[in-house]
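Below: the structure, in structure tokens.
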Amino acid sequence: MSHGFELKPAIAGVDPDTPALLQPLARLLHLVNQAMVALGMVALLVASCVLTYSVVSRYVMRASTDWQDEAAVFCLVGATFLCGAFVQQLRGHVGIEAMAGLLPRSLNRLRLALVDLMCTAFCSFFAWKSWTLFHEAWAEGQTTSSSWAPPLWIPYGLMGLGMTLLSLQLAVQLAARLNGLFKAAAPVGATSHGTEVPR
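Under my numbering, the residues of the sequence shown are numbered -3 to 195, in order.
So this is what it looks like as structure tokens:
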């Protein structure tokens, strides 16, 4: 996703503006996100095989298909939520950038920091709610209403884990964005411990 004035290519990695305190977390998230993408690819492959088997068994062999749809949905839920943090690391989520070309560069930076803050707050709430649903499903033994009846803690757990990773990724990127704002706002001749701050 382009913000109009950002010319850097979208590559997965650690933002150089990330505060030193959060660098280890950012590197860990980078590794975890890559692992989640690999799991997501496997989940999509499994879902496609399950759905293909479902079509063949239903229409060719006239067999019952009571578990295939739910298994595929669980795989797709896992792939969607677990890979969200990787997509965010690339800043690849769909965004509306109508204002990017109208605002000056400094206001655009501030606007993007506010967007990151709101996204972090929303995703953190979503993660908390997903974990509460996971706990209810686990404690009460909730299952789906099909004859297969898999436990509902599986999709809620995948949602909770995925949204937690996404919230952490957003929080690290928000800290990097704010750090970049402070660097950009520092005066040219500002010094830190006797040395000139680079721009």
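Where a beta carbon is used, it is the ideal one built from N, C-alpha and C, also for glycine.
It should be emphasised that the depicted structure is a prediction, and the values quoted were computed from it without experimental measurement.
TODO: Please state whether DSSP places THR196 in a helix, a strand or coil.
DONE: In this structure the chain extends from -3 to 195, so residue 196 is not present and cannot be described.
- [ ] Sort out for me which residues DSSP pairs THR139 with in a bridge.
- [x] PRO147
TODO: Using 10 angstroms around the beta-carbon of MET32, count the other beta-carbons present and answer buried if the total reaches 16, otherwise exposed.
DONE: buried
Open item on the list: So, with DSSP's three-state summary, where would you put ASP112?
Closed with: helix
Open item on the list: Please identify the residue among LEU113, MET57, THR61 whose C-alpha is closest to the C-alpha of GLN169.
Closed with: LEU113
Open item on the list: Going by beta-carbon coordinates alone, are GLY158 and PHE77 separated by less than 8 Å?
Closed with: yes
TODO: Excluding the 5 residues preceding and the 5 following ALA59 in the sequence, name in chain order all residues of the same chain whose CB lies nearer than 7 Å to its CB.
DONE: SER53
- [ ] Report buried or exposed for ASP11, applying the criterion of at least 16 other Cβ atoms within 10 angstroms of its Cβ.
- [x] buried
Open item on the list: If you follow the alpha helix (DSSP H) that HIS26 is in, where does it begin and where does it stop?
Closed with: 19 to 55
Open item on the list: Could you compute how far the alpha carbon of LEU40 sits from the alpha carbon of CYS71?
Closed with: 7 Å
TODO: Report the three-state DSSP secondary structure of GLY80 (helix, strand or coil).
DONE: helix
TODO: To the nearest angstrom, report how far apart MET155 and VAL51 are at their CA atoms.
DONE: 27 Å
Task: Helix, strand or coil at ASP65 [DSSP, three-state] - done: helix
- [ ] Counting only the same chain and skipping the five closest in sequence on each side, list residues whose C-beta sits under 7 Å from that of TYR152.
- [x] SER126, LEU129, PHE130, ALA133
Task: Short Cβ contact (8 Å threshold) for LEU106 with LEU174 - done: no
Open item on the list: Comparing C-alpha positions only, which one of TYR49, LEU108, VAL38 sits nearest to GLU93?
Closed with: LEU108
TODO: Less than 8 Å between the CB atoms is what I'm expecting for PRO15 and ALA171, so what's the real figure, rounded?
DONE: 5 Å
- [ ] With a cut-off of 8 Å on the beta carbons, I'd call LEU161 and CYS115 a contact; round off their distance for me.
- [x] 14 Å between Cβ atoms; not a contact.
TODO: Flag this pair as yes or no: are the beta carbons of THR9 and CYS79 separated by less than 8 Å?
DONE: Sequence check: residue 9 is Gly here, not Thr. Cβ distance not < 8 Å, so GLY9 and CYS79 don't count as in contact.
Task: Distance CB(GLU66)-CB(TRP144) smaller than 8 Å - done: yes
Task: Classification of THR45 by the beta-carbon crowding that lies within 10 angstroms, buried from 16 upward - done: Looking at the sequence provided, one finds Cys at residue 45 rather than Thr. That one is exposed.
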